[in-house]
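With my numbering applied, the sequence shown corresponds to residues 346 to 530, in that order.
In this text, a Cβ means the ideal position worked out from N, Cα and C, and glycines have one as well.
This one's a predicted model, so the numbers in the text were calculated from it and none came from an experiment.
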Amino acid sequence: MCNYPNPSINKPALDYTVSVPINLAKSLEGKYYVGYADNLTFGKGTSAWARLYNPPNSGINLHVTVWTVTDVSEGSFRAQIWFNTNPPGTPQDSTLVTPSNLAYCPLPRPRVKLQYATNVEGNPIGGIKAFVRRGQSETTVVDDEQGKFIFPPGGSFLIFLSNPETPDISASGRIAFGWWEEPIC
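Written out as structure tokens, the structure reads:
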């Protein structure tokens, strides 16, 4: 049961032409989501990761718009960005996910899963290591992809954290994502 009146955000009273940023447009359509994985621990020979996973029967394409790595507690770190890989460890689903447009009732629910694992041994297998970023403790690494990374059902966008320059130090951090989901015609 909704305690709010139905929004009129999709029914303007005037005819007009505007240029709307794609992320705002997808939010207005109820297709944009944000979420994060917290307390990702790694170091001392282990790594951590978080990913956006598009399940095989989702019926949508995943468009990655933004990602961040923040609050890494100790030493320098490396963030490897992988497409469609099989990561080590057992994936856990993050509950820290929400639609960005809270005017809908009921709220839209994402089909994409934000998953993570901590203190894993080994490296991702298969897929494509697309690029690597490096950062220092207490800094934020961010990239705005504007939806250009597109993954069909069964695909994934993964950030793999490690600290090879300071392997004897334990560390922890957070990975956040923004994305939209587009139905497949």
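* Do you know offhand how far F522's Cα is from K458's? -> As a working note, residue 522 is residue 177 in the sequence shown. As a working note, residue 458 is residue 113 in the sequence shown. Taking the straight line joining both Cα atoms gives about 11 Å.
* Out of W525, N384, K371, point me to the one whose CA is closest to R456's CA. => Taking the sequence shown and counting its residues from 1, the one referred to as residue 456 is at position 111. When each option's Cα is compared against that of R456, the closest is W525.
* To do: Could you spell out the range, first to last residue, of the alpha helix (DSSP H) harbouring K371?
  => Here residue 371 refers to the residue found at position 26 of the sequence shown. Note, K371: alpha helix (DSSP H), 367-373.
* Answer with buried or exposed for G380, where buried requires no fewer than 16 other C-beta atoms within 10 angstroms of its C-beta. => Sequence index remark: in the sequence shown, residue 380 carries index 35 (1-based). Label assigned to G380: buried.
* To do: Please classify L407: does DSSP put it in a helix, a strand, or coil?
  => Along the sequence shown, read from residue 1 onward, the residue named residue 407 stands at position 62. In the three-state reduction of the DSSP assignment, L407 falls in the strand class.
* Asked: Of all the options A516, W427, F387, which has the alpha carbon lying nearest to the alpha carbon of G471?
  -> Stepping through the sequence shown from its first residue, residue 471 is reached at position 126. Looking only at A516, W427, F387, the smallest Cα-Cα distance to G471 is reached by W427.
* Can you say whether Q491 is buried or exposed, counting buried as having 16 or more other CB atoms within 10 angstroms of its CB? => The sequence position of residue 491 within the sequence shown is 146, counting from 1. Counting other Cβ atoms within 10 Å of its Cβ, Q491 stays below 16 and is therefore classed as exposed.
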